[in-house]
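K.L.:
Below you'll find the structure I mean.
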Amino acid sequence: MAQPKRRWSKRRTGLRRSTWKLEEKNLGTCSHCHEPVLPHTVCSNCGYYDGKEVITKKASNED
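Quick look at the structure:
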């Protein structure tokens with residue numbers, strides 16, 4: 434297997450690794466409850482997707 438001829442400098446290594454950073458998630462807002470939600474996913478708060486109720490949420494009993 435091939436071996437490198439010489440050692441890479443710390444600067445060159447850092448320049449190569451500079452694109453490894455994490456990116457922020459692109460959050461949209463739910464059209465029904467206006468909570469932040471990932472695009473193309475059902476809202477976990479209200480269960481709506483594309484203006485239609487996909488998942489029915491049960492009412493919680495607060496006694």
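Here our numbering is used: position 12 in the sequence shown is 445, and no number is missing along the way. In this text, a Cβ means the ideal position worked out from N, Cα and C, and glycines have one as well. It should be emphasised that the depicted structure is a prediction, and the values quoted were computed from it without experimental measurement.
1. Is it the case that the Cβ atoms of residue 464 and residue 484 are separated by a distance below 8 angstroms?
2. What residues match up with residue 462 in a beta bridge as DSSP calls it?
3. When DSSP labels each residue in this structure, what does residue 485 get in the three-state scheme?
4. Between the Cα of residue 462 and the Cα atoms of 473, 441, 456, which residue gives the shortest distance?
5. Looking at residue 469: is its Cβ nearer than 8 angstroms to the Cβ of residue 455?
6. Tell me the residue span of the alpha helix (DSSP H) that contains residue 480.
P.N.:
So, to answer that:
1. yes
2. 469
3. strand
4. 473
5. no
6. Looking at the DSSP string, residue 480 is not in any alpha helix (DSSP H), and its letter there is neither H nor E.
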